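Notes for the one structure printed next.
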Amino acid sequence: DAGVTQSPTHLIKTRGQQVTLRCSPKSGHDTVSWYQQALGQGPQFIFQYYEEEERQRGNFPDRFSGHQFPNYSSELNVNALLLGDSALYLCASSPRVTRDFPVVDTQYFGPGTRLTVL
Amino acid sequence: SQQGEEDPQALSIQEGENATMNCSYKTSINNLQWYRQNSGRGLVHLILIRSNEREKHSGRLRVTLDTSKKSSSLLITASRAADTASYFCATDARNTGFQKLVFGTGTRLLVSP
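Residue numbers (my numbering), protein chains in the order written: chain L, 8 to 125; chain V, 106 to 218.
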């Protein structure tokens, strides 16, 4: 049973560039969430996708955008990179919240992509 | 913004000792979870405690939850060098309809042989 996978592992970009990070959810999961973790901090919620739409968003600017594909995999795009975007980007998957299962218990995290902006 | 605060920020103990870390949060929750993170990599889920539970055990882990004080504690008994990691509590706010985990600031645990 494959867990959550992310690519690439590491990435180095310069200010102003654009980056795309990728995530494949755990088998059987259709909801993907993205988190940003700055050095020495806890992860912060960026947004969540299911049914190929952004369902909830954290306090991040529009430079951060995403996409979910029919196979439930997801991409995180960041435009006009700033030095402050340097962080570990974590993807997490979970089963979808439904009326029968209104509370999803556990999110499963991938290993993350370390983004460095120079 | 971070939902909660973990205390202490860092903890250094010897193998065999117990490690206790605390978490405080701000809003009403459905449940509280603890995660472990090794060397800045992915988060590993350790244990979940629901808002109507007060204590839960899993192997060497014991978690307590006090919703009146909006706080939780994680106890690792008989610690091992392999327990060296950062530990985070995470909460999801009640009645949001979506699971958005809000993490604390983390406790860095160092277990020396």
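Using N, Cα and C, we set each Cβ at its ideal position, and we do this for glycine too.
On a predicted model such as this, the values are computed, not experimentally measured, just so you know.
Three-state secondary structure (DSSP) of residue i
i, result
"D197(V)", "strand"
"A183(V)", "coil"
"L90(L)", "helix"
"D188(V)", "helix"
"E160(V)", "strand"
"N136(V)", "strand"
"H74(L)", "strand"
"R213(V)", "strand"
"S106(V)", "Confidence at S106(V) is low in this model, with a pLDDT of 48, below 50, so the placement of that residue should be treated as unreliable; the coordinate-derived value is given next. Coil, per DSSP."
"E58(V)", "Since the first and last residues shown for chain V are 106 and 218, residue 58(V) lies out of range."
"R155(V)", "strand"
Neighbour list for residue i in chain V, Cβ cutoff strictly below 8 angstroms
i, result
"S101(L)", "Q204"
"Q114(L)", "H150, Q204 and L206"
Neighbouring residues, chain L, relative to residue i (Cβ below 8 angstroms)
i, result
"V207(V)", "F52"
Residue(s) in a DSSP beta bridge with residue i
i, result
"Y42(L)", "F52(L) and L97(L)"
"Y115(L)", "S100(L)"
"S271(V)", "Outside the displayed range of chain V (106 to 218) lies residue 271(V), so it cannot be described from this structure."
"R29(L)", "S14(L) and E82(L)"
"T128(L)", "In the structure as shown, chain L starts at 8 and stops at 125, and residue 128(L) therefore has no counterpart that could be examined."
"R64(L)", "F54(L)"
"K20(L)", "V124(L)"
"R141(V)", "V149(V) and Y192(V)"
"D69(L)", "D69(L) is not bridged to any residue."
"Q119(V)", "S217(V)"
Amino acids of chain L, ordered along the chain, whose beta-carbon sits closer than 7 angstroms to that of residue i
i, result
"R146(V)", "P118 and G119"
Under 9 angstroms by beta carbon: chain L residues contacting residue i
i, result
"G164(V)", "Result: empty, since nearest Cβ-Cβ is about 17 angstroms, beyond 9 angstroms."
"L215(V)", "Those within 9 angstroms of L215(V) in chain L number zero; the least Cβ separation is about 15 angstroms."
"L153(V)", "D112 and T113"
"T210(V)", "G47, Q48 and G49"
Residue i: contacting residues in chain V (beta-carbon distance under 7 angstroms)
i, result
"G35(L)", "Neighbours of G35(L) on chain V: none; closest Cβ ~16 angstroms, over 7 angstroms."
"L95(L)", "G145"
beta-carbon residue i near the ligand NAD non-hydrogen atom, thresh 7 angstroms
i, result
"K161(V)", "By its list of ligands, the structure shown contains no ligand whatsoever, and the ligand NAD lies outside what it can speak to."
**Q.** Stretch-stretch touch, CB-based, cutoff 8 angstroms, three pairs: the stretch 62-78 of chain L with the stretch 115-124 of chain L
**A.** Between the stretch 62-78 of chain L and the stretch 115-124 of chain L, the count of C-beta pairs closer than 8 angstroms stays below three; the two stretches do not touch.
Q: Kindly confirm or deny that the stretch 38-51 of chain L and the stretch 90-100 of chain L touch, where touching means at least three C-beta pairs closer than 8 angstroms.
A: Yes: at least three Cβ pairs fall under 8 angstroms.
**Q.** Touch test, the stretch 28-37 of chain L against the stretch 126-133 of chain V, Cβ-Cβ under 8 angstroms, three pairs minimum
**A.** At 8 angstroms Cβ cutoff, the stretches do not touch.
Q) In the stretch 61-93 of chain L, which residues sit with their C-beta less than 8 angstroms from some C-beta in chain V, listed in chain order? A) Answer in chain order: R62, Q63, G65 and N66.
Q: Please name the residues in the stretch 121-139 of chain V whose beta-carbon is closer than 8 angstroms to at least one beta-carbon of chain L, in chain order.
A: Cβ contacts with chain L: N135, N136 and Q138.
Q | the stretch 79-89 of chain L contacting the stretch 12-24 of chain L, beta-carbon criterion three pairs below 8 angstroms | A | With the cut-off at 8 angstroms, the stretch 79-89 of chain L and the stretch 12-24 of chain L touch.
Q: Count the CB pairs spanning the stretch 160-172 of chain V and the stretch 180-190 of chain V that are closer than 8 angstroms, and state whether there are at least three.
A: With a cut-off of 8 angstroms, the stretch 180-190 of chain V and the stretch 160-172 of chain V count as touching, because enough Cβ pairs lie within range.
Q) For the 8 angstroms Cβ check, are there 3 or more pairs between the stretch 208-216 of chain V and the stretch 116-123 of chain V? A) The stretch 208-216 of chain V vs the stretch 116-123 of chain V: in contact.
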